[in-house]
Amino acid sequence: MQRMRVRGKQKGNRVKVTGDLGVVRFTRVIGYTEYARSPWRSRRFVFTMRFFFGFALLHLWNTAVSAEDASLAKTLSDGSFVAAAWETVDQWYSRARDFVKQQVISSEVPTLAFESDQFRIVVPKLCEPSVKQYSGYFNVAKDKHMFFWFFESRSSPSTDPLVLWMNGGPGDSSANGLLFEMGPCSIADEGRTTVSNPHSWTNNANVIFLDQPVDVGFSYADPGASVKGCAEAAKDVYAFLQLFLERFPEYSNLPFHVAGESFGGIYVPNVVSVIWRENQALALSQNSRSTRIKLASVILANGITDPYIQIPSIVDYVCDGPYPIHEDPQGPECTKLRSSVSTCKLLIKMCNLYTTEFSCGHASRYCRSRLFQPTMKSDLNWYDLRKKCNAADRPEHCYKRTPWVETWMNNPKVKAALGVDPERSFQSFNMDMNREFNMRGEGVHNAAKLLPELINDGVRLLVYAGKADMMANYMGNERWVESLETKFKSQFVAAEGKPWSVPGAKDIAGQVRSAGSGEGMGGNVTFVTVFDAGHMVAHDQPAAAALKPKPTSLPGLIYAMDQKSPAFVKEQQQSLLPVDGPTAILSQPLRSAPLVRSSSVYRKGTMLSYVNHLV
Numbered sequence: 006m007q008r009m010r011v012r013g014k015q016k017g018n019r020v021k022v023t024g025d026l027g028v029v030r031f032t033r034v035i036g037y038t039e040y041a042r043s044p045w046r047s048r049r050f051v052f053t054m055r056f057f058f059g060f061a062l063l064h065l066w067n068t069a070v071s072a073e074d075a076s077l078a079k080t081l082s083d084g085s086f087v088a089a090a091w092e093t094v095d096q097w098y099s100r101a102r103d104f105v106k107q108q109v110i111s112s113e114v115p116t117l118a119f120e121s122d123q124f125r126i127v128v129p130k131l132c133e134p135s136v137k138q139y140s141g142y143f144n145v146a147k148d149k150h151m152f153f154w155f156f157e158s159r160s161s162p163s164t165d166p167l168v169l170w171m172n173g174g175p176g177d178s179s180a181n182g183l184l185f186e187m188g189p190c191s192i193a194d195e196g197r198t199t200v201s202n203p204h205s206w207t208n209n210a211n212v213i214f215l216d217q218p219v220d221v222g223f224s225y226a227d228p229g230a231s232v233k234g235c236a237e238a239a240k241d242v243y244a245f246l247q248l249f250l251e252r253f254p255e256y257s258n259l260p261f262h263v264a265g266e267s268f269g270g271i272y273v274p275n276v277v278s279v280i281w282r283e284n285q286a287l288a289l290s291q292n293s294r295s296t297r298i299k300l301a302s303v304i305l306a307n308g309i310t311d312p313y314i315q316i317p318s319i320v321d322y323v324c325d326g327p328y329p330i331h332e333d334p335q336g337p338e339c340t341k342l343r344s345s346v347s348t349c350k351l352l353i354k355m356c357n358l359y360t361t362e363f364s365c366g367h368a369s370r371y372c373r374s375r376l377f378q379p380t381m382k383s384d385l386n387w388y389d390l391r392k393k394c395n396a397a398d399r400p401e402h403c404y405k406r407t408p409w410v411e412t413w414m415n416n417p418k419v420k421a422a423l424g425v426d427p428e429r430s431f432q433s434f435n436m437d438m439n440r441e442f443n444m445r446g447e448g449v450h451n452a453a454k455l456l457p458e459l460i461n462d463g464v465r466l467l468v469y470a471g472k473a474d475m476m477a478n479y480m481g482n483e484r485w486v487e488s489l490e491t492k493f494k495s496q497f498v499a500a501e502g503k504p505w506s507v508p509g510a511k512d513i514a515g516q517v518r519s520a521g522s523g524e525g526m527g528g529n530v531t532f533v534t535v536f537d538a539g540h541m542v543a544h545d546q547p548a549a550a551a552l553k554p555k556p557t558s559l560p561g562l563i564y565a566m567d568q569k570s571p572a573f574v575k576e577q578q579q580s581l582l583p584v585d586g587p588t589a590i591l592s593q594p595l596r597s598a599p600l601v602r603s604s605s606v607y608r609k610g611t612m613l614s615y616v617n618h619l620v
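Here the sequence shown is numbered in my numbering, starting from 6 and rising by one per residue.
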């Protein structure tokens with residue numbers, strides 16, 4: 006995203022803009038915010054925040070010492086933690102002071118830099134040649150190039166929903182989901198070819214498989230433009246969606262569903278939060294050409310979404326779960342694991358209260374070293390404890406077909422057909438990104454807090470988890486859904502699990518808990534435990550995870566895809582008339598209640614729409 010600086014006097018109706026976007030003409034001035042009118046109050050507020058932050062750090066130190074956590078106490082006592090934290094707060098104070106001074110005369114608006122080569126799209130004949138498909142790149146910024154592969158529905162593409170699928174990691178390419186789980190074809194013959202997947206989600210949905218953040222899979226960023234975190238990645242995904250729907254407007258009025266797996270449990274809430282906020286801004290706009298996305302549901306598959314609840318649950322799972330790795334739940338191994346839970350939770354709490362790379366990175370490293378790593382020393386597949394996995398083969402080689410994906414995607418003929426530079430190498434998993442995100446503590450941010458507003462507004466939530474997965478186990482997933490502060494909370498807490506089966510199968514496929522209204526067992530908030538499945542449910546139980554027009558598969562998934570979703574109906578009612586031309590994207594509403602009521606932005610003679618900046 007390109008930053009543009011808008012400057013001008015209060016009485017003026019015209020301002021100069023740095024960058025390539027020409028001139029902004031104000032049509033109405035609506036005044037200043039409290040922060041702009043009273044800089045002293047802002048500074049006093051920030052100073053008070055500094056005081057309480059320092060008090061919280063002292064509390065953390067005392068707690069660590071009283072818990073006799075030698076490692077954490079040493080880290081705190083050497084001063085590095087406190088010094089880094091105070092340095093961060095000083096940076097906040099400096100930025101706040103500059104913000105107060107500048108906002109009286111200016112506003113900073115993030116907007117997409119539109120270039121003549123904003124997309125490079127081809128029509129491949131791979132995987133399933135009989136359906137319409139597109140692949141290639143959308144340039145969400147001058148230096149960020151996102152790769153996608155889109156397949157139309159096998160059934161009714163003009164009315165079936167539009168689904169965005171994102172794998173997790175962080176660093177995992179969505180080609181793994183496409184070729185290994187729910188895509189129209191599956192990898193075969195050691196990566197030499199593919200075979201049709203009869204249980205593909207494309208049976209009844211139009212599906213976008215997106216490599217994100219940039220530098221994952223075939224997506225890439227120019228030097229120095231790599232994504233630093235999930236919030237930034239979400240804005241890039243939103244920019245991609247705007248460009249995609251501008252290029253393919255025939256899909257813009259379909260109900261839209263965002264689905265993700267594993268670390269996608271953090272990616273997806275960030276993405277849908279941006280979509281929802283931008284939809285609110287567009288509802289106030291008189292002249293925006295941006296596309297209002299018809300957000301209908303959120304689908305999370307074995308995701309990590311609320312680490313404060315989910316990471317400690319690993320102890321319960323490996324000691325008392327259905328596939329325990331320790332024989333004695335009260336033995337020394339489980340006792341040692343439990344002794345680290347309180348400190349892990351405290352550090353995660355501090356991360357989410359005072360979000361810095363230092364505090365969150367420390368929480369991530371502590372929890373991983375104390376809770377995850379000891380459980381990873383077994384000879385079992387962490388993603389499916391029913392199966393063995395040699396230490397030399399983990400993690401991706403615990404499934405023999407995962408390396409085949411990389412082999413096939415690096416085939417020169419495949420790259421040519423997909424519109425990829427022949428010199429660009431495909432990695433199914435970017436381990437460098439994984440390490441960087443974990444070092445910054447992206448995996449301990451609470452993404453669940455982004456969902457209640459959407460759910461209360463009619464967007465549906467489905468969370469499902471395979472029972473044999475240790476990494477994002479069903480216990481932790483069910484607990485965070487239960488704790489979600491929505492208007493359906495009391496109903497969900499009181500709901501009992503109900504068995505469900507796939508027609509034609511002898512055994513029960515899983516258990517469902519749901520709250521809200523819906524067909525069958527599905528509702529506004531639904532949690533599904535899938536039996537006989539690990540981390541990748543669509544791989545282990547493809548028939549159970551398939552999308553079908555009748556309630557014969559995952560109950561919540563069927564309801565989530567229903568076009569009569571309250572959120573979808575609302576979006577249809579508030580939908581703006583489609584307008585041809587470039588799309589103006591506002592990454593996030595300004596927090597400072599800026600000066601512009603409405604305006605138009607002109608770039609090299611072309612009029613672009615400029616979203617109202619109302620908070």
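Positions of the beta carbon are idealized from the N, C-alpha and C atoms, including for glycine.
For the candidate residues 540, 389, 532, 424, whose alpha-carbon lies nearest to that of residue 485?
The shortest Cα separation from residue 485 among 540, 389, 532, 424 belongs to 532.
Can you name, in chain order, every residue of its own chain whose Cβ lies under 6 Å from the Cβ of residue 386, other than the five neighbours on each side?
The beta carbon of residue 386 lies closer than 6 Å to those of 392, 394, 403 in the same chain, with the five residues before and after it left out.
Would you mind working out which of 295, 301, 235 sits nearest residue 176, comparing C-alpha positions?
The option with the nearest alpha carbon to residue 176 is 235.
Is it buried or exposed for residue 208, if we count other Cβ within 10 angstroms and need 16 for buried?
A residue is called buried when at least 16 other Cβ atoms come within 10 angstroms of its Cβ; residue 208 meets this threshold and is buried.
Could you tell me which of 267, 331, 249, 322 sits nearest to residue 297, measuring between CA atoms?
Minimum Cα distance to residue 297 is reached at 249.
Confirm, please, whether the CB-CB distance from residue 325 to residue 337 is below 7 Å.
No.
Can you tell me whether residue 429 is buried or exposed, with buried defined as 16 or more other CB within 10 angstroms of its CB?
That one is exposed.
Would you list the residues sitting across from residue 302 in a DSSP beta bridge?
Per DSSP, 262, 465.
Is DSSP giving residue 389 helix, strand or coil here?
DSSP places residue 389 in strand when its eight states are reduced to three.
Counting Cβ pairs closer than 8 Å, one from the region 157 to 177 and one from the region 506 to 519, do we hit at least three?
Output reads no: the region 506 to 519 does not touch the region 157 to 177.
What would DSSP say about residue 418, mapped onto helix, strand or coil?
DSSP places residue 418 in helix when its eight states are reduced to three.
Does residue 152 get closer than 7 Å to chain B when you measure Cβ to Cβ?
Checking the listed chains, one finds no chain B in this structure; it contains a single protein chain.
Determine, using beta-carbon pairs with one atom in the region 458 to 473 and one in the region 305 to 313, whether at least three such pairs fall under 8 Å.
At 8 Å Cβ cutoff, the stretches touch.
Best match in 151, 538, 521 for proximity to residue 475 [C-alpha to C-alpha]
For residue 475, the nearest C-alpha among the options comes from 538.
Report yes if the C-beta distance between residue 433 and residue 458 is below 7 Å; otherwise report no.
Contact flag unset, no.
Beta-carbon separation (whole angstroms), residue 453 vs residue 489, contact threshold 8 Å:
Right, their Cβ atoms sit about 6 Å apart.
Count the other CB atoms within 10 Å of the CB of residue 426; is the residue buried (16 or more) or exposed (fewer)?
In this structure residue 426 is exposed. Its beta-carbon is surrounded by fewer than 16 other beta-carbon atoms within 10 angstroms.
Of the choices 390, 362, 137, whose alpha-carbon is the least far from that of residue 329?
The residue with the shortest Cα to Cα distance from residue 329 is 390.
For residue 548, the first and last residue of its enclosing alpha helix (DSSP H)
Run containing residue 548: 547 to 550, per the alpha helix (DSSP H) assignment.
Roughly how many angstroms lie between the CA atoms of residue 145 and residue 344, to the nearest whole one?
In a straight line, the C-alpha of residue 145 is about 46 Å away from that of residue 344.
On a CA-only basis, which of 132, 270, 382 is nearest residue 450? Give me that one, please.
That would be 270, whose Cα lies nearest to the Cα of residue 450.
Can you list, in chain order, the residues of its chain with a C-beta nearer than 7 Å to that of residue 224? Leave out the 5 residues immediately preceding and following it.
150, 151, 152, 216, 217.
For the putative contact between residue 550 and residue 315, defined by C-beta atoms under 8 Å, what is the C-beta separation to the nearest angstrom?
Not quite, the Cβ-Cβ distance comes to about 21 Å (not below 8 Å), so this is no contact.
Does residue 133 pass the burial test, meaning 16 or more other C-beta atoms within 10 Å, or should it be called exposed?
Looking at its Cβ environment, which holds 16 or more other Cβ atoms inside 10 Å, residue 133 is buried.
DSSP state of residue 196, grouped into three classes?
Assigned with DSSP and collapsed to three states, residue 196 falls in helix.
Buried or exposed for residue 418, going by 16 or more other Cβ atoms inside 10 Å?
Only exposed fits residue 418, as fewer than 16 other CB atoms lie within 10 angstroms of its CB.
Residues near residue 193 in its chain [Cβ-Cβ closer than 7 Å; skip 5 each side]:
So the list reads 199, 200, once near-sequence residues are dropped.
Quick one, which of 505, 521, 359 has its alpha-carbon nearest residue 621's?
Because the chain in this structure spans residues 6 to 620, residue 621 falls outside the shown range and cannot be described.
Among residues of its own chain, excluding the 5 on either side of residue 162, which ones have a beta-carbon nearer than 6 Å to its beta-carbon?
Around residue 162: 211.
From the DSSP output, which residues share a beta bridge with residue 154?
DSSP, once it has assigned bridges, lists 140, 214 as partnering residue 154.
Nearest residue (CA-CA) to residue 253, options 535, 527, 438, 126
Among 535, 527, 438, 126, the Cα nearest to that of residue 253 belongs to 126.
By how many angstroms is the C-alpha of residue 222 removed from the C-alpha of residue 115?
Because the pLDDT of residue 115 is 35, which lies under 50, any placement of that residue in the model is unreliable, and the number read from its coordinates should be weighed accordingly. About 27 Å.
Output needed for residue 439: all residues of its chain with C-beta closer than 8 Å, excluding positions within five of it in sequence on either side, in chain order.
So the list reads 174, 175, 176, once near-sequence residues are dropped.
State the Cα-Cα distance for the pair residue 263 and residue 273, rounded to the nearest angstrom.
Approximately 7 Å, taken between the alpha carbons.
How big is the Cα-Cα spacing for residue 204 and residue 341?
For residue 204 and residue 341, the distance between alpha carbons rounds to 43 Å.
Grouping DSSP H, G and I as helix and E and B as strand, with all else coil, what is residue 279?
Here residue 279 carries a helix assignment [DSSP, helix/strand/coil].
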